[in-house]
Amino acid sequence: MLLFDSHAHYYDERFGNDAERRAVLDKIRRAGVTHVLNAGTNPDTSRQALKLAEENEGFYASVGLHPEDLFSLPDPEAALAEIEALAAHPKAVAIGEIGLDYHWHGEERAFQKEWFARQLALADRLGLPVIVHDREAHGDCLETVCRFPQVKGVFHSFSGSRETAAQLVRRGWYISFSGVITFKNAARLAEILPVVPEDRLLIETDCPYLTPHPYRGQRNDSSYLILTAERAAALRGVSPEALCDQTAANAAALFLGGKAALSDGPGKAALP
Ligand code: NI
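FYI, the numbering for the sequence shown is 1 to 272, going by my numbering.
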């Protein structure tokens with residue numbers, strides 16, 4: 001069985017020093033996790049995500065400027081140039097995470113939209129998929145990605161409406177669900193998840209955040225991804241094994257399809 005965590009942040013300081021992080025990565029291997037994509041949020045974390053990808057079989061990275069991080073960058077222009085340089089790394093498989101966050105920065109929408117659009121344009125130019133962070137900005141996120149019809153990607157930890165999901169699917173996009181679907185107040189997502197076509201569905205932890213029930217509040221890691229997979233499988237009426245294999249194949253199709261050079265041993269070889 002394949003288990004592809006399509007969105008993680010193992011460089012986060014909550015995973016401790018190198019030895020402590022190594023212990024967590026050993027633990028997730030023992031739990032059957034075969035693939036992990038670490039999403040960068042600025043040049044520094046994007047570099048760290050790439051380092052993890054270099055050191056660990058089956059690990060990949062995305063590089064990008066997260067909407068929250070934009071506000072602490074001394075020079076966004078220079079940061080974007082750095083992201084473009086990092087995107088040339090063979091294990092940089094997407095631009096992300098990029099997007100809009102109106103929960104924390106609802107007053108500065110034009111600034112966020114400008115940098116979201118510029119990174120979609122970069123992905124378009126480089127032929128890479130994108131990973132979108134959409135927090136309380138569903139309409140503007142959809143409107144912005146629609147301006148780049150060539151660009152495909154995923155809305156991570158999806159929180160939008162059924163109509164938004166349907167529009168994204170029609171445009172060739174993927175929808176990723178996190179541990180939020182295991183929470184008791186996730187009734188709306190529980191209605192959307194079963195109607196996403198099987199070849200457009202991804203699962204993720206977003207660790208160290210969004211730990212599934214019943215561990216909510218503790219530090220998350222990819223060993224808990226199976227809880228999200230089991231909930232998704234139950235909602236769709238399939239076996240957890242089938243759901244894990246399908247979502248791993250989908251992640252490979254979205255992120256690894258364009259990079260033939262990514263044959264790094266069993267990780268890649270095991271993928272359909
Ligand atoms: Ni994230």
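Glycine is no exception: its CB is placed at the ideal position from the N, C-alpha and C atoms.
Inter-residue CB distance, residue i and residue j (contact presumed, cutoff 8 Å)
i, j, result
"residue 86", "residue 134", "About 23 Å separates the two Cβ atoms, so there is no contact after all."
"residue 5", "residue 35", "7 Å"
"residue 229", "residue 207", "Contact doesn't hold; Cβ gap of about 14 Å is too wide."
"residue 219", "residue 14", "6 Å"
Where residue i falls: helix, strand or coil (DSSP)
i, result
"residue 99", "strand"
"residue 17", "coil"
"residue 268", "Low per-residue confidence applies at residue 268: pLDDT is 40, beneath 50, and the placement is therefore not dependable enough to give any value."
"residue 216", "coil"
"residue 186", "coil"
"residue 12", "coil"
"residue 94", "strand"
"residue 73", "coil"
"residue 210", "coil"
Boundaries of the beta strand (DSSP E) in which residue i is found, first to last residue
i, result
"residue 61", "59-63"
"residue 6", "4-8"
"residue 135", "130-135"
"residue 154", "153-155"
"residue 52", "Residue 52 -> not in any beta strand (DSSP E); alpha helix (DSSP H) instead, spanning 43-55."
Continuous alpha helix (DSSP H) stretch holding residue i: start and end
i, result
"residue 181", "Neither: residue 181 is in no alpha helix (DSSP H) and is coded neither H nor E."
"residue 138", "138-146"
"residue 80", "76-86"
"residue 39", "Run containing residue 39: none in the alpha helix (DSSP H); it sits in the beta strand (DSSP E), 35-39."
"residue 122", "109-126"
"residue 243", "240-251"
Evaluate contact between the segment 205-216 and the segment 171-179, counting only Cβ atoms and requiring at least three cross-stretch pairs below 8 Å.
yes
Distance cut 6 Å, beta-carbon to ligand 1 heavy atom: residue list by chain order
So the residues near ligand 1 by this Cβ test are 7, 9, 39, 97 and 206.
Do the segment 57-75 and the segment 107-114 touch if we need at least three Cβ pairs shorter than 8 Å?
yes
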